[in-house]
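In the order they appear, the protein sequences are chains U and C.
According to this note's numbering, the first sequence is numbered sequentially starting from 1.
According to this note's numbering, the second sequence is numbered sequentially starting from 115.
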Amino acid sequence: KQEVTQIPAALSVPEGENLVLNCSFTDSAIYNLQWFRQDPGKGLTSLLLIQSSQREQTSGRLNASLDKSSGRSTLYIAASQPGDSATYLCAVIEVGGSNYKLTFGKGTLLTVNP
Amino acid sequence: NAGVTQTPKFQVLKTGQSMTLQCAQDMNHNSMYWYRQDPGMGLRLIYYSASEGTTDKGEVPNGYNVSRLNKREFSLRLESAAPSQTSVYFCASGGRVGYQPQHFGDGTRLSIL
């Protein structure tokens, strides 16, 4: 059974710092990996989706990398801002025939202090 | 642009009552999903619909039924609510299953007493 772990569970940084969030998964036969953010009381917002054939994706100050062989993904946030404060979740997606499986990590709670 | 709209936003039920959670999307997406989010358990997929007319079980389907009413709407029904179904329920929609990002609604907070 796929297990997704996110470390650290919580992170507090001063504004302007660059930071890395980690996501590891146990079964490397994944189709793709998606990073989300979740604000309190809200649904999830998709940040980046990395196909299994890709090694990284970038959007603005965000860069996500994927290393299937080691079962790891990282989300790099450059020049963090207080508005980046949220819970960040990674999800691994497995697709086989008509079967679809998505497994979420429990998230990293990020606080960016002004 | 509404995106994914869920109703109701909050609901309290008594054990044994039934209820339907509604979800509608206006992004012309083919796939739609229902998740539940519980403290310490993370998000888990209940059911999904890859396209209009199809539905499939996810990780935790027991106690739930779904209907893909049309391309826009995907409902989740609790036939006989149990306290273990107290949770926050999220609906999402997306393009091709597994290949394209999902877009989430703001959730329905459901308490079962």
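All residues carry an ideal CB built from backbone N, CA and C; glycine is no exception.
Owing to the predicted nature of the structure, the values given are computational and were not obtained by experimental measurement.
- Rounded to the nearest whole angstrom, the CA to CA distance from Tyr100 (chain U) to Thr169 (chain C) is 11 Å.
- Residue contact check for Ser46 (chain U) against chain C: a CB pair falls below 8 Å.
- Secondary structure at Gly130 (chain C): coil, using DSSP grouped into helix, strand and coil.
- Looking at U:Leu89, U:Leu110, U:Val92 and U:Asn63, the one whose alpha-carbon comes closest to that of Gly83 (chain U) is U:Leu110.
- Look at the beta carbons and you see the segment 170 to 188 of chain C not touching the segment 115 to 125 of chain C: under three pairs across the two are nearer than 8 Å.
- Contacts with chain C at 8 Å (Cβ-Cβ) include Ile93 (chain U).
- Of U:Asn63, U:Ser80 and U:Pro40, the smallest CA-CA separation from Asn113 (chain U) is found for U:Ser80.
- Taken atom to atom, the span from the alpha-carbon of Arg182 (chain C) to that of Val13 (chain U) is near 44 Å.
- Counting along the chain, Glu94 (chain U) sits inside the beta strand (DSSP E) bounded by residues Ala86 to Gly96.
- Taking 8 Å as the cut-off, the Cβ atoms of Gln38 (chain U) and Thr74 (chain U) do not count as close.
- Between Phe204 (chain C) and Phe188 (chain C), the CB-CB gap reaches or exceeds 8 Å.
- Between the beta-carbon of Val202 (chain C) and that of Gly177 (chain C) there is about 16 Å, and that puts the pair past the 8 Å contact cut.
- Among the CB atoms of chain C, one or more fall inside 8 Å of the CB of Phe104 (chain U).
- Of the other Cβ atoms in all chains shown, 16 or more fall within 10 Å of the Cβ of Gly208 (chain C); this residue is therefore buried.
- Ranked by how close their Cα comes to the Cα of Lys1 (chain U), the residues U:Thr108, U:Leu33 and U:Phe25 have U:Phe25 in first place.
- For Pro14 (chain U), the enclosing beta strand (DSSP E) stretches over residues Ala10 to Pro14.
- Segment contact: the segment 210 to 217 of chain C against the segment 141 to 161 of chain C, three or more CB-CB distances shorter than 8 Å; contact assigned.
- Counting along the chain, Glu56 (chain U) sits inside the beta strand (DSSP E) bounded by residues Glu56 to Ser59.
- Residue environment for Ile93 (chain U): buried (at least 16 other C-beta atoms within 10 angstroms of its C-beta).
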